[in-house]
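S.K.: Count along the sequence shown starting at 1, add 2, and that's the number in our numbering.
Below is the structure I would like to discuss, written out as structure tokens.
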Amino acid sequence: MMEVTNYIDKIGFCYIPIMVGLYGIIKVVYIFHFYFIEIKKWHKIEGIIVDYSITLFDMDTDGDTYGWKRKVMFEYKINNNSVKSSNFTKNIEFLISSKENASNFYKEHKIGEPILVFFNPKEPKEAIIEKKISFSTLLFLFFALGILTFGILNL
């Protein structure tokens, strides 16, 4: 019986944290690769903000786990074809704790205002407007490294 308990502990405290940590690190490496290499291959074009919203997102039925999610709709033209997108970023986004913090982007950018759009020339409908790595992605990296370290130390 003791061996089964040790094996289950090893799975829960070693292997699962190692896999979760590695997944997080791989995801962040993909984001770094995109923002440092791939985005240089994308084209820049001027677009306009056509709509935005801030939505309360409730993760639990008990109502105590919630946050605000922002959504930006922008439009740009490629070969006289109008394209709309709401892909704001490739970064990892967490729910934002306050509506005021979630609306910071909208204080700086108004509907109808021009904005720089980065789009994939191979797939023009794929576009983003955020051009740098966010703090939340870096925070996620440290979180993934911490989980990975925890798993390795419990081997």
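We treat Cβ as the ideally placed atom computed from N, Cα and C, and that holds for glycine.
Starting from the C-beta of serine 84, find all residues in its chain whose C-beta is less than 7 Å away, skip the five residues before and the five after it, and write them out in chain order.
M.R.: Excluding sequence neighbours, serine 84 sits near Glu77.
S.K.: In whole angstroms, what is the alpha-carbon distance linking serine 87 and isoleucine 20?
M.R.: Computed Cα separation, rounded: 36 Å.
S.K.: With isoleucine 113 as the anchor, note down where its alpha helix (DSSP H) starts and where it stops.
M.R.: Looking at the DSSP string, isoleucine 113 is not in any alpha helix (DSSP H), and its letter there is neither H nor E.
S.K.: Just list the alpha helix (DSSP H) runs in the segment 85-148, keeping only unbroken ones of 4 residues or longer that don't cross its boundaries, in chain order.
M.R.: Runs found: 101-104 and 106-110.
S.K.: Just to confirm, is the Cβ distance from cysteine 16 to glycine 153 under 8 Å?
M.R.: Taking 8 Å as the Cβ cut-off, cysteine 16 and glycine 153 qualify as a contacting pair.
S.K.: Closest by CA to glutamate 102, which one among Thr139, Ser55 and Val22?
M.R.: Closest option to glutamate 102, Cα to Cα, is Ser55.
S.K.: Looking at valine 30: is its Cβ nearer than 8 Å to the Cβ of leucine 143?
M.R.: For valine 30 and leucine 143, yes; Cβs fall inside 8 Å.
S.K.: Skipping 5 residues on each side, what residues in its chain have a beta carbon closer than 6 Å to that of threonine 57?
M.R.: Contacts found: Lys71.
S.K.: Could you please give me the residues that DSSP links to glutamate 48 through a beta bridge?
M.R.: Looking at the DSSP assignment, glutamate 48 forms a beta bridge with Leu118.
S.K.: How is the beta strand (DSSP E) around isoleucine 41 delimited, first residue to last?
M.R.: Per DSSP, isoleucine 41 belongs to no beta strand (DSSP E) and is neither H nor E.
S.K.: Who are the Cβ neighbours of lysine 73 in its own chain at under 6 Å, not counting the five residues just before and after it?
M.R.: Counting only Cβ-Cβ distances below 6 Å, and skipping sequence neighbours, we find Ser55 and Ser88.
S.K.: Output yes or no for whether 8 Å exceeds the beta carbon distance between serine 136 and asparagine 93.
M.R.: Contact flag set, yes.
S.K.: Determine the closest residue to isoleucine 130 out of Leu141, Leu155 and His45, with distance taken between C-alpha atoms.
M.R.: Ranking the options by Cα distance to isoleucine 130, first place goes to His45.
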